[in-house]
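Chemist: Per the working numbering, residue 356 is the first one in the sequence shown, and the count goes up by one each step. Cβ atoms here follow ideal geometry from the backbone N, Cα and C, with glycine treated the same way. I'd like to ask some things about the structure below.
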Amino acid sequence: MIVKLLLSLFVICISPFVFDNSYAQITSGGFGNSPFERDFGDVKFLDAYFGTIDEKFEIDAGDRNVPFTVVMANVGTQDITGIRGQLSLPLGFSASDGPGFIIHADADSNSLAGENFYLTFFVDIGNGVQIQQYPGTVKVDYSRLRESGVRTAFEDFDFKITGESVINVRALDPFLTSLQKNHVIIEISNDGTAPISSVNIALQNTQSERASTTQSITNVENVVILSTDWEIGEIDPNSKKLVELEIYVPESLKGDTLRAPIEITYFDAHGEQQSLSRIADFYVKGLIDLSIYNVDVIELSDTQMVIGEIINEGNEDGLFGFVTVEPRGDSNILPNTQFIDEIEIDAPVPFNIPIEFDGEPEYGEHDITITVRYKDGIRDEIFLPYDATIFVNESSDNDEDSFDSTMIIIPIILIIAAAIYMIRRRKKVAIKTN
Numbered sequence: 356m357i358v359k360l361l362l363s364l365f366v367i368c369i370s371p372f373v374f375d376n377s378y379a380q381i382t383s384g385g386f387g388n389s390p391f392e393r394d395f396g397d398v399k400f401l402d403a404y405f406g407t408i409d410e411k412f413e414i415d416a417g418d419r420n421v422p423f424t425v426v427m428a429n430v431g432t433q434d435i436t437g438i439r440g441q442l443s444l445p446l447g448f449s450a451s452d453g454p455g456f457i458i459h460a461d462a463d464s465n466s467l468a469g470e471n472f473y474l475t476f477f478v479d480i481g482n483g484v485q486i487q488q489y490p491g492t493v494k495v496d497y498s499r500l501r502e503s504g505v506r507t508a509f510e511d512f513d514f515k516i517t518g519e520s521v522i523n524v525r526a527l528d529p530f531l532t533s534l535q536k537n538h539v540i541i542e543i544s545n546d547g548t549a550p551i552s553s554v555n556i557a558l559q560n561t562q563s564e565r566a567s568t569t570q571s572i573t574n575v576e577n578v579v580i581l582s583t584d585w586e587i588g589e590i591d592p593n594s595k596k597l598v599e600l601e602i603y604v605p606e607s608l609k610g611d612t613l614r615a616p617i618e619i620t621y622f623d624a625h626g627e628q629q630s631l632s633r634i635a636d637f638y639v640k641g642l643i644d645l646s647i648y649n650v651d652v653i654e655l656s657d658t659q660m661v662i663g664e665i666i667n668e669g670n671e672d673g674l675f676g677f678v679t680v681e682p683r684g685d686s687n688i689l690p691n692t693q694f695i696d697e698i699e700i701d702a703p704v705p706f707n708i709p710i711e712f713d714g715e716p717e718y719g720e721h722d723i724t725i726t727v728r729y730k731d732g733i734r735d736e737i738f739l740p741y742d743a744t745i746f747v748n749e750s751s752d753n754d755e756d757s758f759d760s761t762m763i764i765i766p767i768i769l770i771i772a773a774a775i776y777m778i779r780r781r782k783k784v785a786i787k788t789n
């Protein structure tokens with residue numbers, strides 16, 4: 356009996372411990388043994404970043420007077436007022452008022468129960484600060500409405516120096532040629548210290564968009580572009596990506612500047628989607644389309660010459676034209692050049708270059724290269740080579756001998772005739788005298 360009584364007392368004594376560990380009891384400072392501790396209070400930290408209430412900023416070492424925003428929530432049951440914050444940051448960060456000053460900020464208004472409020476501090480960043488994550492602490496003083504006294508809350512947090520992305524756009528070749536298809540390469544570069552990701556490039560105000568716009572921004576809608584949108588992914592700091600496209604430019608834009616608006620959307624180092632506009636400029640030059648034809652050899656004034664014609668089927672004159680004949684293979688023809696000036700678009704331009712030999716003349720077939728050298732409207736020098744085979748004939752010496760003997764015999768005959776005439780005349784005079 357005594358043993359049963361003692362056993363019953365033992366069970367009654369240990370039962371509180373058994374039931375206490377069997378159910379989720381709230382203890383001071385948290386939820387039992389849960390790793391998620393909860394401390395009751397009126398304000399709760401949400402976020403801290405460089406930027407304003409509406410926008411996060413990419414920042415870098417050496418930036419001055421940068422806004423630093425701390426986002427808090429009023430999780431209490433009452434409105435709070437008189438909100439004042441004080442910021443503590445590690446070495447390398449200081450107040451914009453100068454080293455040694457307290458970094459502080461005031462909220463603009465009261466914070467209603469259940470609403471967020473913002474504290475914006477202004478910070479100078481040292482030149483030696485690295486792109487990485489740093490710890491910080493914020494102290495918030497506030498008062499409850501209809502309650503005297505000041506309450507204080509401390510919150511520890513981490514923030515990041517992101518670096519800055521600097522996006523530039525340029526065309527590798529800023530010249531387009533009218534009346535033909537142009538292969539264009541546009542370089543998108545990130546010259547900053549922060550990466551950008553999910554980069555999308557879109558060419559704006561093209562023919563496909565003109566139906567939805569009431570007024571043209573540039574003249575890019577007058578050209579034909581095969582593709583206007585590109586996904587190029589991530590661009591690391593100090594790196595670049597290339598966008599390639601085909602553009603056909605009509606003759607009406609010759610001599611104009613083509614301005615192509617480009618919209619770039621991407622995610623910055625904060626993970627925020629950003630959008631910016633850039634313009635790629637091109638100069639549209641005329642088309643010079645030359646052909647060489649009717650190449651032959653003729654003899655002129657006892658000199659054999661290479662002749663031919665050049666025709667320009669473009670819409671712009673070639674300037675400062677030269678034609679050069681050079682030998683190929685075993686030919687011993689000496690190189691020779693002729694200046695032909697402008698190569699106009701409305702008429703063929705003839706050329707005739709004397710044939711000279713390096714050493715003894717070699718007659719028959721000769722392989723030659725005819726090169727037309729000229730400049731376009733932007734003074735770029737262009738070379739047009741044309742390979743041809745010509746036939747050099749041997750000069751006829753018999754014709755030259757007969758021509759020379761005739762020219763000699765005729766004067767002799769005339770002299771003899773004149774002499775005979777004079778002798779006969781003297782004889783008649785002498786007979787009459789006698």
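Closest to alanine 702 by CA distance: which of Gly673, Ile723, Ile725, Thr724 is it?
Modeler: That would be Gly673, whose Cα lies nearest to the Cα of alanine 702.
Chemist: According to DSSP, simplified to helix, strand and coil, what is proline 766?
Modeler: Helix, per DSSP.
Chemist: In terms of residues, what are the limits of the beta strand (DSSP E) holding isoleucine 643?
Modeler: Segment: none, isoleucine 643 is in no beta strand (DSSP E) and carries neither H nor E.
Chemist: How would you write the range of the beta strand (DSSP E) that histidine 625 sits in, first residue to last?
Modeler: Segment: none, histidine 625 is in no beta strand (DSSP E) and carries neither H nor E.
Chemist: Where DSSP assigns a beta bridge to glutamate 542, which residues make up the other side?
Modeler: According to DSSP, glutamate 542 bridges with Arg525, Leu597.
Chemist: At which residue ranges does the stretch 643–722 contain complete beta strand (DSSP E) runs of 3 or more residues, listed in the order of the chain?
Modeler: 645–655, 658–667, 673–683, 691–698, 704–709, all fully within the stretch 643–722.
Chemist: Who are glycine 441's beta bridge partners in DSSP?
Modeler: The residue you asked about is not glycine; residue 441 is glutamine in the sequence shown. DSSP output for glutamine 441 lists His459, Lys494 as bridge partner(s).
Chemist: Using 8 Å for Cβ pairs, my map puts valine 539 next to isoleucine 602. What's the rounded Cβ distance?
Modeler: With a Cβ gap of about 5 Å, valine 539 and isoleucine 602 count as contacting.
Chemist: By a C-beta neighbour count over all protein chains shown, 10 Å radius and 16 as the cutoff for buried, is methionine 427 buried or exposed?
Modeler: Its Cβ being crowded by 16 or more others within 10 Å, methionine 427 is buried.
Chemist: Tell me whether the stretch 625–634 and the stretch 593–612 touch, counting them as touching only if at least three CB pairs, one residue from each stretch, are closer than 8 Å.
Modeler: Contact between the stretch 625–634 and the stretch 593–612 is absent, because fewer than three Cβ pairs lie under 8 Å.
Chemist: What residues match up with phenylalanine 740 in a beta bridge as DSSP calls it?
Modeler: First, the amino acid is wrong: residue 740 is proline here, not phenylalanine. Bridge partners of proline 740: Thr726.
Chemist: What does a CB cutoff of less than 6 Å around proline 690 pick up in its chain, not counting 5 residues either side in sequence?
Modeler: Here the set comprises Glu681.
Chemist: Taking 7 Å as the line, does the beta carbon of serine 646 fall inside it for any heavy atom of the ligand MG?
Modeler: Judged by which ligands are present, the structure shown has none, so any question about the ligand MG falls away.
Chemist: Specify, as a first and last residue, the run of the beta strand (DSSP E) that leucine 531 falls within.
Modeler: Leucine 531 -> beta strand (DSSP E) spans 530–532.
Chemist: Determine the contact status of tyrosine 621 and isoleucine 541, defining contact as a CB-CB distance below 8 Å.
Modeler: Cβ distance not < 8 Å, so tyrosine 621 and isoleucine 541 don't count as in contact.
Chemist: Measuring alpha carbon to alpha carbon, tell me which residue in Val661, Asp636, Tyr497, Lys640 is nearest arginine 734.
Modeler: Of the candidates Val661, Asp636, Tyr497, Lys640, the one whose C-alpha sits nearest the C-alpha of arginine 734 is Lys640.
Chemist: Which whole runs of the beta strand (DSSP E) in the stretch 398–429 are 3 residues long or more, in chain order?
Modeler: Counting only runs of 3 or more, we get 398–405, 421–429.
Chemist: Using a 10 Å radius around the Cβ and a threshold of 16 neighbouring Cβ atoms, would you call serine 686 buried or exposed?
Modeler: Serine 686 comes out buried.
Chemist: Apply the 10 Å Cβ neighbour rule to glutamine 659 and answer buried if 16 or more other Cβ atoms are within range, or exposed otherwise.
Modeler: Glutamine 659 should be labelled buried.
Chemist: May I have the straight-line CA-CA distance separating aspartate 511 from aspartate 496, to the nearest angstrom?
Modeler: Taking the straight line joining both Cα atoms gives about 15 Å.
Chemist: Valine 678 to isoleucine 666, Cα distance in whole Å?
Modeler: Roughly 13 Å between the two C-alpha positions.
Chemist: Closest by CA to phenylalanine 694, which one among Arg728, Phe712, Tyr404, Ile480?
Modeler: Ranking the options by Cα distance to phenylalanine 694, first place goes to Arg728.
Chemist: Within the continuous beta strand (DSSP E) that includes threonine 432, where are the two ends?
Modeler: Neither: threonine 432 is in no beta strand (DSSP E) and is coded neither H nor E.
Chemist: Alpha carbon to alpha carbon, how far is serine 533 from valine 704? Give it in angstroms, no decimals.
Modeler: Between valine 704 and serine 533, the C-alpha separation is close to 23 Å.
Chemist: Thinking leucine 401 and asparagine 471 are a contact (beta carbons under 8 Å), I'd like their distance in whole angstroms, please.
Modeler: Leucine 401 to asparagine 471, Cβ: 7 Å. Contact.
Chemist: What is the DSSP secondary structure of asparagine 482, reduced to helix, strand or coil?
Modeler: In the structure shown, asparagine 482 sits in coil (DSSP, three-state: anything other than H, G, I, E or B).
Chemist: Hey, glycine 431 and aspartate 452: beta-carbon distance below 8 Å or not?
Modeler: No; because the gap between Cβ atoms is not below 8 Å, this pair is not in contact.
Chemist: Ends of the beta strand (DSSP E) at alanine 468?
Modeler: Taken as a continuous stretch (DSSP letters only), alanine 468 belongs to no beta strand (DSSP E), as it is neither H nor E.
Chemist: Would glutamine 488 pass as a contact of aspartate 461 if the rule is Cβ separation under 8 Å?
Modeler: Result no, Cβ atoms of glutamine 488 and aspartate 461 do not sit closer than 8 Å.
Chemist: Could you tell me if isoleucine 408 is buried or exposed, where buried requires 16 or more neighbouring beta carbons within 10 angstroms of its beta carbon?
Modeler: Per the 10 Å Cβ criterion, exposed.
Chemist: How about leucine 527 and isoleucine 617: are their beta carbons less than 8 Å apart?
Modeler: No, Cβ-Cβ distance for leucine 527 and isoleucine 617 is not below 8 Å.
Chemist: Given a cut-off of 8 Å, decide if histidine 459 and glycine 437 are closer than it, judged by their beta-carbon atoms.
Modeler: It is not a contact, given that the beta carbons lie outside the stated cut-off.
Chemist: Let me know if threonine 424 comes out buried or exposed under the rule of 16 or more other beta-carbons within 10 Å of its beta-carbon.
Modeler: With 16 or more Cβ atoms within 10 Å of its Cβ, threonine 424 is classed as buried.
Chemist: Considering only the beta carbon of each residue, do serine 443 and threonine 475 sit closer than 8 Å?
Modeler: Cβ atoms of serine 443 and threonine 475: not closer than 8 Å.
Chemist: Taking 8 Å as the limit between beta carbons, can you name the residues of its chain near glycine 483, skipping five residues before and five after?
Modeler: For glycine 483, where only same-chain residues beyond five positions count, the Cβ hits under 8 Å are Ala416, Gly447.
Chemist: Thinking C-alpha only, which one of Ser553, Val421, Ile643, Ala635 is nearest asparagine 670?
Modeler: Ranking the options by Cα distance to asparagine 670, first place goes to Ile643.
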